[in-house]
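Written out below as structure tokens is the structure these notes cover.
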Amino acid sequence: MLRIFNLLIVRTAYGAFLLGVFGGVVMTGLIFVSTLMRYLGGSPLRFSDELAGLLFLSLTFLCLPYVLDKGRHMRIEILLNLVPAPMARIMDVIGTITLVTFCVVFAYEAWDFMDFSRSISSRADISGILLWPWMAIMPFSMLLCLLVQLRHGTRQPLADRASEEEVSS
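Position 69 of the sequence shown, counting from 1, maps to 62 under the working numbering, and the rest follow consecutively.
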């Protein structure tokens, strides 16, 4: 059962990552086309700025759980390398508690914000895009980050050192 839970989390995080990357590709294409239209046609796509912002939001939040799962997030390891191993483990647990607290508070607040937006049918000013589905990405991402951390326990996920060496060579 635990193996199925782990596999489900890994695949969900990877699927969200792929959606986020796709959003980034679409955002890049949209900005490129809008820039071409601005300089060649005289006016950009009206809705490009709003949609690019929403796609950036999706890129950022959908990629977070996968990056956390792979241990590729930004870390300040200089302190962990300077202190003895028992202190480093304590600092790692404190980092995990901080992450979990942040994810819970952020998910709760983002859910309220998204729910309010849904209740008033909030839309983007120029394009009229319904905003609450885009806002739903934020609590989804934080809850998935919580599940990823639960999968790793009290330790922060560490990047695979072999792949780091491959990249640097």
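Here a beta-carbon is modelled for each residue, glycine too, at the ideal position from N, C-alpha and C.
How long is the line joining the alpha carbons of residue i and residue j, rounded to whole angstroms?
| i | j | result |
| --- | --- | --- |
| A45 | L1 | 30 Å |
| K63 | G34 | 44 Å |
| I(-3) | P77 | 36 Å |
| I71 | M84 | 12 Å |
| G13 | C56 | 6 Å |
| Y7 | L38 | 32 Å |
| M107 | L75 | 42 Å |
| V60 | V86 | 19 Å |
| M(-6) | C138 | 20 Å |
| N(-1) | T147 | 15 Å |
| L136 | G22 | 30 Å |
| W127 | H66 | 23 Å |
| R154 | R116 | Low confidence applies here, because R154 scores a pLDDT of 48, under 50, leaving its location unreliable; read the following figure in that light. Roughly 45 Å separates the two Cα atoms. |
With DSSP collapsed to three states, give me the class of residue i.
| i | result |
| --- | --- |
| L38 | coil |
| R170 | Here the chain covers residues -6 to 162 and nothing more, so residue 170 does not appear. |
| L123 | strand |
| R4 | helix |
| R31 | helix |
| Y101 | helix |
| R169 | The chain is shown from -6 up to 162; residue 169 falls before or after that span and cannot be answered. |
Please work out which residues of its chain come closer than 6 Å, Cβ to Cβ, to residue i, disregarding the five sequence neighbours upstream and downstream, and give them in chain order.
| i | result |
| --- | --- |
| R111 | W125 |
| S41 | L23 and S27 |
Spatial neighbours of residue i within its chain, please: C-beta separation below 7 Å, excluding the five flanking residues on both sides.
| i | result |
| --- | --- |
| V160 | Because V160 sits at a pLDDT of 49, beneath the cut-off of 50, its placement in the model cannot be relied upon, and the point is left open. |
Starting from the C-beta of residue i, find all residues in its chain whose C-beta is less than 8 Å away, skip the five residues before and the five after it, and write them out in chain order.
| i | result |
| --- | --- |
| F10 | L55, C56, P58, Y59 and V60 |
(request) Determine contact between the stretch 11 to 20 and the stretch 37 to 54, defined as no fewer than three beta-carbon pairs at a distance below 8 Å. (result) yes
(message) Would you call the stretch 117 to 135 in contact with the stretch 94 to 103, where contact means no fewer than 3 C-beta pairs closer than 8 Å?
(response) yes
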